[in-house]
Every structure is written in C-alpha cells, then in structure tokens.
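Written below as structure tokens is the structure these notes are about.
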Amino acid sequence: KVLWVIIFCSRVLETSSRFSAHAFGTSSCKMSAKDDDLAQVTMQAAQQDPAQFEQQYVHQVYDIIAPHFSHTRHSPWPKVAEFLMSLEPGSLVADVGCGNGKYLNVNPSLFMFASDRSAPLASLAVERVGGGGIEMCVADNLALPYRDGSMDAVISIAVLHHLASPERRLAGLRELIRVLRPRGKALVYVWAIEQEGRRGRFSSQDQLIPWHLSNKFRGGTAQPGQEQGVEVPEKHAVEYKRFYHLFAQGELEELARTAGGCRVAASYYDHENWCAVVERDD
Numbered sequence: 086k087v088l089w090v091i092i093f094c095s096r097v098l099e100t101s102s103r104f105s106a107h108a109f110g111t112s113s114c115k116m117s118a119k120d121d122d123l124a125q126v127t128m129q130a131a132q133q134d135p136a137q138f139e140q141q142y143v144h145q146v147y148d149i150i151a152p153h154f155s156h157t158r159h160s161p162w163p164k165v166a167e168f169l170m171s172l173e174p175g176s177l178v179a180d181v182g183c184g185n186g187k188y189l190n191v192n193p194s195l196f197m198f199a200s201d202r203s204a205p206l207a208s209l210a211v212e213r214v215g216g217g218g219i220e221m222c223v224a225d226n227l228a229l230p231y232r233d234g235s236m237d238a239v240i241s242i243a244v245l246h247h248l249a250s251p252e253r254r255l256a257g258l259r260e261l262i263r264v265l266r267p268r269g270k271a272l273v274y275v276w277a278i279e280q281e282g283r284r285g286r287f288s289s290q291d292q293l294i295p296w297h298l299s300n301k302f303r304g305g306t307a308q309p310g311q312e313q314g315v316e317v318p319e320k321h322a323v324e325y326k327r328f329y330h331l332f333a334q335g336e337l338e339e340l341a342r343t344a345g346g347c348r349v350a351a352s353y354y355d356h357e358n359w360c361a362v363v364e365r366d367d
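Residue numbers (the numbering used here): 86 to 367.
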C-alpha cells in the first residue's frame, strides 16, 4: 500500500540570516536604466539577507511558474538516469529539489524519497509519478527531514546554484553529505558559467535569469511575489527573474573539499552544468 503525504516540516523554516555579504553581477544582455536600478536594489537585498533574497527570487518565483516549468521538463538526462540505474536494488535514494519528479520512476527497484521547497512543484511530482514506493515532502535543502546517514544515495539536480551566498551553498552540500551513509554517493548538478548554448555567455557568476511565464499558464488566484512580474506583450508572457550562481570549472569540487567528510569520485560537464559524484567518507 502506498501512502502519499506532503509533509510541511517545521525544519523547513530553520535557516539563518547570519551570512556574509555577497554581491551579484550584471547580466551579459543589454540593460536599461530601469534594469540597472533593479540590479542595485537586488544587490543590496542579497547582502542584507540572503535567505529573504532567495524567498523573493527563487521560492516565490517557482511557486508561481510551477505548471509552466513542469511543462518544459520532460525526459530524464541520460547521465542522471545512468547514475540511478547503477544503484543496488532496494537502495534508499533522496531526490533533493525533485521539481516535477521526472527522475522518480527511472529505476523502479529504488526506494525514492523526494523533496522540493516548492509545494506546487511537489504536488505536480506526486501527480506525475502516480504511486510506487515513493515518499514526498516539502523541505528546504538546508534542513532536510532525514536522519544522519540514512540514505544510500542522493541526487541534487540544478539546486545548489539557487543558494545566494558561498556559506549557504556550502551548508547545502554539507546537508546532502549528512544524510548519506558511509560510502554513499551524491550526484550534484549546477549551472556552469562556461555554457555557450541557448543562453549565451555570462559576464559574471551571479545572475538574475528571466523566466517568461506563458499567459496560458497564469493562474487566476493571487500569489505572493506576483507583483514582481513584468508584462512582455510580444511574448504573450510575464517575466519573472530567478537567482542563479553560475559555477566555474573546479568550483564544485572545491566546495566538496571545503565541506569535508567526503571525496569527489567523479566530475564532468553535462547539459551546460558542472557535475560531481561526491562520496561520503567511511
């Protein structure tokens, strides 16, 4: 019997505002005077309170765009699927920041524990997978509701780059390592600054990346953060901005070394992301 529960854990709120200032740079695209003013305001917000900055430029945005975002996420990336298929049958695996759940049914022999900070995305993941030995909760990467050493493996796909300070990214990785058993492995993907695909080149590592929410996915109910949206009539959409820290080559490996208690078993570049397999020490 499968029990589906979305758990709102009190630990989700246990984040600290005591972090050092971390300025973020301008986009490589042309910016108007209004954009420059917005950049100055957001830099000040990031320096004063990274947690609140993430609430505004990550969490609220994903809650608003969840149906459209899910619509654009279809097939698992092959190397992530390969990692999941390599695990022993019966392994306990945490998908941290699972989004719409596209990786949850890749290997039916695994027991998947899925979490996302966005309740709308978590609900969409439940709808997508439709049952089968998977537990879902709403939880923050910085305060996962799992015991120390309880997981055989973890996947973190496109999550850590949304944390707005070096200290918070380090804490996020340490939390992934904490829940791994000794010799357990975490697969981590983060956006790369070196990408030259559809998004073009970036001039700095910290960016506000636009998402154009198609009018057909706009909900009729007011949501926190909707006032940040900017109408883009020519695209029949509303533009929202999401914070990303774009990792440079070697930065993810250095983050793992700083985290301690683990080693980098493998690292590579895939789908415009820097990727690492991090193994917890004995």
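Glycine included, C-beta positions come from ideal geometry on N, C-alpha and C.
All of these numbers come straight from a predicted model, not from anything done at the bench.
_With the cut-off set at 9 Å, would you say L229 and V264 are in Cβ contact?_
yes
*My understanding is that G346 touches I262, with C-beta atoms under 8 Å, so please give their C-beta distance in whole angstroms.*
6 Å
*How is V244 classed by DSSP in three states: helix, strand or coil?*
coil
*Counting only the same chain and skipping the five closest in sequence on each side, list residues whose C-beta sits under 8 Å from that of R348.*
A341, V363, E364 and D366.
_A344: first and last residue of the uninterrupted alpha helix (DSSP H) it sits in_ = E336 to A344 is the extent of the alpha helix (DSSP H) around A344.
*So, F328 versus I294, is the Cβ gap smaller than 9 Å?*
yes
*Residue ranges of each alpha helix (DSSP H) run of no fewer than 4 residues wholly in the segment 139-190, ordered along the chain?*
For the segment 139-190, the full-length alpha helix (DSSP H) segments reaching 4 residues or more read 145-156 and 163-170 along the chain.
*Residue closest to L331, alpha-carbon to alpha-carbon, out of A350, R266, S250 and G269*: S250
*Excluding the 5 residues preceding and the 5 following P267 in the sequence, name in chain order all residues of the same chain whose CB lies nearer than 8 Å to its CB.*
G234, R365, D366 and D367
*DSSP state of L293 mapped onto helix, strand, coil*: strand
*Is E324 helix, strand or coil when you go by DSSP?*
strand
*Cβ contact (3+ pairs, closer than 8 Å) linking the segment 138-152 and the segment 307-320*: yes
*Give every residue of the same chain whose Cβ lies closer than 6 Å to the Cβ of L272, excluding the five residues on either side of it in the sequence, and list them in chain order.*
F168, I240 and V362
*Use the C-beta contact count for V244: other C-beta atoms within 10 angstroms, 16 or more gives buried, fewer gives exposed.*
Answer is buried; the Cβ neighbour count reaches 16.
*Taking the alpha carbon of V191 as the point to measure from, which residue in S203, N358, T343 and L172 has its own alpha carbon closest?*
For the residues S203, N358, T343 and L172, the minimum Cα distance to V191 belongs to L172.
*Among residues of its own chain, excluding the 5 on either side of E220, which ones have a beta-carbon nearer than 6 Å to its beta-carbon?*
F198
*7 Å CB neighbourhood of R158 in its chain, flanking five on each side removed*: G184, N185 and K187
*What did DSSP end up calling P267 once you bin it into helix, strand or coil?*
In this structure, P267 counts as strand in the three-state DSSP scheme.
*Range covered by the beta strand (DSSP E) that runs through E212*: Taken as a continuous stretch (DSSP letters only), E212 belongs to no beta strand (DSSP E), being part of the alpha helix (DSSP H) at A204 to V214.
*So, helix, strand or coil for N192, using DSSP?*
If DSSP states are grouped into helix, strand and coil, N192 belongs with coil.
*Have a look at Q137 and N226 and give me their C-alpha separation to the nearest angstrom.*
Answer to the nearest angstrom: the Cα atoms are 15 Å apart.
*Please name the residue, chosen from K326, S299 and W162, that lies closest to E312 on a Cα-to-Cα basis.*
K326
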